[in-house]
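The sequence shown begins at 56 in the numbering used here and counts up by one.
Below is one structure; the comments refer to it alone.
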Amino acid sequence: MNAVDEISDKRAIKEFKGITFSKYKKSDAKKELLKSLGEGKIEPACYWSGEFICAGHYTDIWEIILEFVGKNIHLGNPKLPMYIQSRYDIFKNIVIGGYVDNELIMRNNPKIRQLFAEIISILCQSRKKHPFSKVKFDKADFNMTNLSEKLKAPNISYANQIFMKEDQNIFFVAINELGYHLSKDNYNGPVACYWVEWLLEYENSMKKRKQNVTCGRRSYVPVNSKDQMDIVWMVWDILLYEAKNKSTGHIKIIRALLDIFCIRWSSGIKKRRRWLIYFAISLITDKFNTITPLFTNKNQISHIKEKINIIYKQIKKNEVKPATDYLFNNSFTNNAKNLENTISKLDKMSQVGFIPRNT
Numbered sequence: 056m057n058a059v060d061e062i063s064d065k066r067a068i069k070e071f072k073g074i075t076f077s078k079y080k081k082s083d084a085k086k087e088l089l090k091s092l093g094e095g096k097i098e099p100a101c102y103w104s105g106e107f108i109c110a111g112h113y114t115d116i117w118e119i120i121l122e123f124v125g126k127n128i129h130l131g132n133p134k135l136p137m138y139i140q141s142r143y144d145i146f147k148n149i150v151i152g153g154y155v156d157n158e159l160i161m162r163n164n165p166k167i168r169q170l171f172a173e174i175i176s177i178l179c180q181s182r183k184k185h186p187f188s189k190v191k192f193d194k195a196d197f198n199m200t201n202l203s204e205k206l207k208a209p210n211i212s213y214a215n216q217i218f219m220k221e222d223q224n225i226f227f228v229a230i231n232e233l234g235y236h237l238s239k240d241n242y243n244g245p246v247a248c249y250w251v252e253w254l255l256e257y258e259n260s261m262k263k264r265k266q267n268v269t270c271g272r273r274s275y276v277p278v279n280s281k282d283q284m285d286i287v288w289m290v291w292d293i294l295l296y297e298a299k300n301k302s303t304g305h306i307k308i309i310r311a312l313l314d315i316f317c318i319r320w321s322s323g324i325k326k327r328r329r330w331l332i333y334f335a336i337s338l339i340t341d342k343f344n345t346i347t348p349l350f351t352n353k354n355q356i357s358h359i360k361e362k363i364n365i366i367y368k369q370i371k372k373n374e375v376k377p378a379t380d381y382l383f384n385n386s387f388t389n390n391a392k393n394l395e396n397t398i399s400k401l402d403k404m405s406q407v408g409f410i411p412r413n414t
C-alpha cells in the first residue's frame with residue numbers, strides 16, 4: 056500500500072451514517088453490490104464492498120454477505136457456510152488485535168482488503184440457485200380451527216426429541232410439525248419453512264400483547280447467556296437433531312450456519328437472517344452435490360487479492376481531505392499512522408511468539 060491508495064479521509068465514522076464513503080445511499084449501494092454478486096461481476100462487487108469498508112460499515116457488509124449466501128447461493132455451494140465462518144473468525148481477530156473503537160482505520164489494513172476481496176470473489180464464482188422467497192403466512196392460521204387443516208404429523212414424537220420442560224407448550228405443535236417435515240418420514244422443505252414463519256410470527260404477536268416469550272436455555276448456542284432462551288433455538292435444535300440422521304457433512308455445515316446466524320446476535324435480526332434457516336432446511340430435505348468445490352478459479356481469486364488496491368485507489372478519489380491545518384501539524388494523519396504502526400509491530404511479534412505476557 057502507498058499514498059495513492061491509502062485512505063486519509065478526515066471524516067469521523069458518525070459522518071457516514073446512512074451513506075457509503077463516496078456518499079451513495081447505503082440502500083442503493085447494497086442493491087448494486089447484490090446485483091454485481093448475482094451477475095458474478097467481481098470487480099464491481101469489490102468496488103461496492105469497498106464503499107462500505109471505507110466508511111466503516113462492517114456490520115452492513117457482513118449482513119449483505121450472509122443474506123446472499125443464504126438467499127441466493129445456498130445449495131449451489133453447500134460448504135460455503137464453513138468458509139464464511141472461518142473468515143469471520145479471522146476478521147474478528149483482526150479487530151481484537153488493535154481496532155476496537157477504531158474500526159474506520161481498518162480500511163487501510165491490507166489483510167482486511169484482501170480478506171473481503173477473497174470473500175467477494177468466491178461469492179461471485181459460486182453457483183447461484185433460485186433465490187428463496189419468504190413463505191406466505193396468513194395470521195388467520197393462529198386460529199386453531201384453521202390450523203388443524205395444516206397438521207400432518209402422525210404423532211408427537213418429532214417434538215419430543217428436542218422439547219424441554221421449560222419450553223412453552225404453545226409452541227409444541229408447531230415444533231412437532233416442523234420436525235415431521237424435516238424427518239425422513241416426509242421431507243418437505245417449503246412446509247418446514249412455513250412452520251418456521253408460524254413460530255416467528257406467533258412470537259411477534261405474543262410480544263405485541265406484552266406476553267412473556269422464552270424457552271428452555273440452549274447453552275450450546277454461541278450467544279450471550281441471556282439470549283440462549285430465544286425460541287429460535289428450538290428451530291436450530293431440531294435442525295441439528297435431524298442433521299445427525301444424515302451425515303457428518305450435514306452436521307458440520309448446519310453448525311457453521313448456526314455460528315454465522317449468531318454473528319453480532321440480537322433477537323431482532325432473526326427474521327432478517329431467515330434465509331440461513333431456509334438454507335439449513337434445504338440441506339436436510341433436498342438433495343445436493345456433496346463434492347461441489349468451494350471455488351472454481353483459484354488464479355482469478357489470487358489476482359483479485361493482489362490487485363485489490365486498484366479498487367481503493369479509485370475510491371480514494373472521493374475522499375474528503377484533511378484541512379490545511381491538519382496537514383501542517385500532522386495531528387490527524389500521524390495518529391492514524393501511529394496506530395497502524397503499533398498494530399503492525401504487535402502482529403509481527405505475535406507471529407514469532409514474542410508478545411510479552413504477564414506471569
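Here a beta-carbon is modelled for each residue, glycine too, at the ideal position from N, C-alpha and C.
Review point. Given 8 Å as the limit, is there contact between the stretch 164-184 and the stretch 206-215, that is, 3 or more CB pairs closer than that?
Key: no
Review point. So, is Val155 buried or exposed, given that buried needs 16 or more other C-beta atoms within 10 angstroms?
Key: Within the sequence shown, numbered from 1, the residue matching residue 155 stands at position 100. Result: exposed.
Check your understanding: Hey, how far is the Cα of Asp222 from the Cα of Leu254?
Key -> By one-based count along the sequence shown, residue 222 stands at place 167. By one-based count along the sequence shown, residue 254 stands at place 199. Computed Cα separation, rounded: 13 Å.
Practice item. Look at Leu130 and Ser337 and say whether their C-beta atoms are less than 8 Å apart. Key: Counting from 1 along the sequence shown, the entry for residue 130 is found at position 75. Counting from 1 along the sequence shown, the entry for residue 337 is found at position 282. The answer is yes: Cβ separation under 8 Å.
Review point. What distance in whole Å lies between the Cβ atoms of Val290 and Asp64, which are believed to be in contact at a cut-off of 8 Å?
Key: Looking up residue 64 in the sequence shown gives position 9. Looking up residue 290 in the sequence shown gives position 235. In fact, because the Cβ distance is near 43 Å, the residues do not count as touching under 8 Å.
**Study point:** Assigned exposure category for Pro165 - 16 Cβ within 10 Å defines buried
**Key:** Position 110 of the sequence shown, counted from the start, is the residue given in the question as residue 165. That one is exposed.
Exercise for review: Report the rounded CA-to-CA distance for Lys194 versus Ser260, giving the unit in angstroms.
Suggested key: Within the sequence shown, the letter at position 139 stands for residue 194. Within the sequence shown, the letter at position 205 stands for residue 260. Rounded to whole angstroms, Lys194 to Ser260 spans 9 Å at the Cα level.
Exercise for review: Indicate whether Arg66 and Ile363 have their beta-carbon atoms separated by less than 8 Å.
Suggested key: As a first step, residue 66 must be located in the sequence shown, where it is residue number 11. As a first step, residue 363 must be located in the sequence shown, where it is residue number 308. Against a cut-off of 8 Å, the Cβ pair of Ile363 and Arg66 comes out as no contact.
Practice item. Only counting runs of 4 or more residues, tell me where the alpha helix (DSSP H) segments fall wholly within the stretch 159-187, in order along the chain. Key: 165-180
Practice item. Can you have a look at His185 and say buried or exposed, based on whether 16 or more other CB atoms are within 10 angstroms of its CB? Key: Here the question's residue 185 lines up with position 130 in the sequence shown. His185 is exposed by the Cβ-count criterion.
Point to revise | Reduced DSSP secondary structure (H/G/I, E/B, other) of Lys368 | key: Residue 368 sits at position 313 when you count from the first residue of the sequence shown. In the structure shown, Lys368 sits in a helix (DSSP, three-state: H, G or I).
**Study point:** Whole-angstrom distance between Asn157 and Ile370, CA atom to CA atom
**Key:** Counted from its first residue, the sequence shown places residue 370 at position 315. Counted from its first residue, the sequence shown places residue 157 at position 102. About 20 Å.
Check your understanding: Looking only at C-alpha atoms, which of Ile128, Cys317, Gln283, Tyr213 sits nearest to Ser188?
Key -> Along the sequence shown, one-based indexing puts residue 188 at 133. Per the Cα distances, Ile128.
Point to revise | Helix, strand or coil at Lys281 [DSSP, three-state] | key: Along the sequence shown, one-based indexing puts residue 281 at 226. Helix.
Practice item. Could you work out which residue in Ala172, Asn231, Asp285 is closest to Lys96 when comparing CA atoms only? Key: The residue labelled residue 96 in the question sits at position 41 within the sequence shown. The shortest Cα separation from Lys96 among Ala172, Asn231, Asp285 belongs to Ala172.
Review point. Between the Cα of His112 and the Cα atoms of Thr345, Lys372, Gly73, Val59, which residue gives the shortest distance?
Key: For the purposes of this step, residue 112 is taken as residue 57 along the sequence shown, with counting starting at 1. Among Thr345, Lys372, Gly73, Val59, the Cα nearest to that of His112 belongs to Gly73.
Practice item. Would you check if the distance between the CB atom of Phe123 and the CB atom of Asp115 is smaller than 8 Å? Key: Locating residue 123 in the sequence shown gives position 68, counting from the first residue. Locating residue 115 in the sequence shown gives position 60, counting from the first residue. The answer is no: Cβ separation not under 8 Å.
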